[in-house]
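In my numbering, the protein residues as written are 77 to 293.
As structure tokens, the structure follows; a few thoughts come after it.
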């Protein structure tokens with residue numbers, strides 16, 4: 077029964093690796109502990125298989141870490157991030173014909189976002205307005221973010237949290253073959269900036285269509 081429980085722990089840690097991307101040594105620790113138990117409960121062939129699993133998982137963890145963009149800039153203020161985003165090329169077509177984020181865009185995002193999904197599929201934004209947020213608005217945004225963040229069991233400590241709401245004109249590519257921007261869409265974009273040790277970064281982004289004059293949209 078104890079061995080089965082260890083296997084369940086490993087499965088959960090691997091799920092967290094894929095969905096939460098906050099990897100650490102927990103998976104390997106659980107496997108090593110399981111192999112130690114194997115000296116008492118498992119056949120030699122089973123132990124060899126478990127060592128093979130360790131090698132595969134180690135490669136898996138290292139591979140994702142190498143793929144992640146490593147930040148070069150350390151933002152201290154909201155305005156620095158907004159300047160990095162405003163009227164800049166956020167997505168380009170790479171040498172393989174794939175639409176991908178620019179390094180300048182990646183600089184603005186947390187490690188979690190850089191490993192998973194940026195959740196913003198526009199090639200350029202022009203920031204029209206930084207909205208004034210009441211304390212109620214800020215608390216609602218942070219509460220929504222915290223609920224989202226609490227889905228991940230492995231979290232880096234946060235030293236700062238800053239909600240931001242923007243009105244932007246967002247541009248799309250007409251297609252991946254024509255490097256031309258389509259007519260812009262007016263959006264309301266809600267962000268939560270956090271500091272997890274890399275300076276301020278975007279760890280949460282939500283947006284929807286914005287109707288002029290409807291500040292509650």
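From the three backbone atoms N, C-alpha and C, an ideal C-beta is built for every residue, glycine too.
Beta-carbon contacts of residue 276 that lie in its chain and below 8 angstroms, excluding the five residues immediately before and after: Taking the first residue of the chain shown as position 1, residue 276 is located at position 200. Within its own chain, the residues whose Cβ lies closer than 8 angstroms to the Cβ of residue 276, once the five positions on either side in sequence are excluded, are 151, 152, 153, 154, 156, 157, 236, 238, 269, 270, listed in chain order.
Output needed for residue 207: all residues of its chain with C-beta closer than 6 angstroms, excluding positions within five of it in sequence on either side, in chain order. Here residue 207 refers to the residue found at position 131 when the chain shown is read from its first residue. Once the five neighbours on either side are set aside, the close Cβ partners of residue 207 are 241.
Whether residue 278 touches residue 186 by CB criterion (8 angstroms): By one-based count along the chain shown, residue 278 stands at place 202. By one-based count along the chain shown, residue 186 stands at place 110. The answer is yes: Cβ separation under 8 angstroms.
Residues that DSSP places opposite residue 213 in a beta bridge: For the purposes of this step, residue 213 is taken as residue 137 along the chain shown, with counting starting at 1. Residue 213 pairs with nothing; no bridge assigned.
Give me the Cβ distance between residue 287 and residue 246, rounded to the nearest whole Å; I'm assuming they're in contact under 8 angstroms. Mapped onto the chain shown, residue 287 falls at position 211. Mapped onto the chain shown, residue 246 falls at position 170. About 15 angstroms separates the beta carbon of residue 287 from that of residue 246, a gap too long to meet the 8 angstroms contact definition.
Alpha carbon to alpha carbon, how far is residue 190 from residue 182? Taking the first residue of the chain shown as 1, we reach residue 190 at position 114. Taking the first residue of the chain shown as 1, we reach residue 182 at position 106. Going from the Cα of residue 190 to the Cα of residue 182 covers about 7 angstroms.
May I ask which residues mark the beginning and end of the alpha helix (DSSP H) holding residue 158? Along the chain shown, one-based indexing puts residue 158 at 82. For residue 158, the uninterrupted alpha helix (DSSP H) run begins and ends at 154–161, by DSSP.
Enumerate, from N- to C-terminal direction, the unbroken alpha helix (DSSP H) stretches of 4 or more residues contained entirely within the stretch 159–189. Assignment of alpha helix (DSSP H) within the stretch 159–189, counting only whole runs of 4 or more residues, yields 179–182 in chain order.
Start and end residues, beta strand (DSSP E) containing residue 286: Position 210 of the chain shown, counted from the first residue, corresponds to residue 286. Careful: residue 286 lies outside any beta strand (DSSP E) and carries neither H nor E.
Can you check which of these residues, 265, 243, 226, is closest to residue 195 by C-alpha distance? Counting from one through the chain shown, the residue named residue 195 turns up at place 119. Nearest option by C-alpha distance: 265.
For the beta strand (DSSP E) containing residue 243, list its first residue and its last residue. Residue 243 sits at position 167 when you count from the first residue of the chain shown. Unbroken beta strand (DSSP E) run through residue 243: 236–247.
Would you report the Cα separation of residue 193 and residue 273, rounded to the nearest angstrom? Against the chain shown, residue 193 aligns to sequence position 117. Against the chain shown, residue 273 aligns to sequence position 197. One C-alpha to the other measures close to 20 angstroms.
Pull up the distance between the alpha-carbon of residue 222 and that of residue 234, whole angstroms please. Position 146 of the chain shown, counted from the first residue, corresponds to residue 222. Position 158 of the chain shown, counted from the first residue, corresponds to residue 234. A direct Cα-to-Cα measurement between residue 222 and residue 234 gives close to 11 angstroms.
Could you check what DSSP says for residue 272 in three-state terms: helix, strand or coil? The count along the chain shown starts at 1 and reaches residue 272 at position 196. In the displayed model, residue 272 falls within coil according to three-state DSSP, outside both helix and strand.
Please list, in chain order, all residues of the same chain as residue 219 whose beta carbon is under 7 angstroms from its beta carbon, the five residues on each side excluded. By 1-based counting over the chain shown, the position of residue 219 is 143. Excluding sequence neighbours, residue 219 sits near nothing in its chain.
Please classify residue 212: is it buried, with 16 or more other beta-carbons within 10 angstroms of its beta-carbon, or exposed? Along the chain shown, read from residue 1 onward, the residue named residue 212 stands at position 136. Using a 10 angstroms sphere on the CB of residue 212, the tally of other CB atoms stays under 16, which defines it as exposed.
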